[in-house]
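Worksheet for the structure shown next.
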Amino acid sequence: MRNQIPKLSHLLTLEDCVSLPDGAGGSQKKWQKLGALWARLDVSSHPRSASQAGVLRRINWQITLRALPPSAKLYPHPGRRFRLKDALYPIHTTVPYDASGKYLLSTSLTWVAE
563 MRNQIPKLSH LLTLEDCVSL PDGAGGSQKK WQKLGALWAR LDVSSHPRSA SQAGVLRRIN
623 WQITLRALPP SAKLYPHPGR RFRLKDALYP IHTTVPYDAS GKYLLSTSLT WVAE
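What follows is the structure, encoded as structure tokens:
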């Protein structure tokens with residue numbers, strides 16, 4: 563159980579992927595801003611992986627924010643993403659932060675080239 567109240571010091575934009583008509587009978591995917599949420603970002607880095615693109619480092623993010631009901635417009639559902647300036651954090655999971663129910667914990671995985 564977590565004992566400390568998280569300090570929510572980063573203002574993240576929550577985005578959702580929507581399909582829009584492309585004018586040629588098909589559709590294109592665009593990211594639409596839903597709103598902003600204050601959050602805490604915690605990072606843990608993992609070993610490097612070699613790929614055709616070079617050496618990559620996997621970074622796991624834990625993103626803590628105030629609790630919202632799953633029906634809320636700004637709930638961080640998997641498939642949505644957070645944005646902080648040019649950095650993107652795709653949401654993989656969202657679970658309660660602790661038993662108090664006051665906060666949520668979202669996880670994100672990003673790759674950084676080295």
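Residue numbers for the sequence shown follow my numbering, beginning at 563 and rising by one.
Note that beta-carbon positions come from the ideal geometry of N, C-alpha and C, so glycine has one too.
Owing to the predicted nature of the structure, the values given are computational and were not obtained by experimental measurement.
Check                                                                                    : Outcome
Residue burial classification, TRP623 (beta-carbon count within 10 angstroms, cutoff 16) : buried
C-alpha gap between CYS579 and ALA598, whole angstroms                                   : 16 Å
7 Å Cβ cutoff met for THR592 and GLU577                                                  : Per the sequence shown, the amino acid found at residue 592 is Lys instead of Thr. Going by C-beta atoms, LYS592 is not nearer than 7 Å to GLU577.
Rounded distance between the beta-carbons of LEU667 and VAL657, thought under 8 Å        : 6 Å
LEU570 to ALA586 span [Cα, whole Å]                                                      : 44 Å
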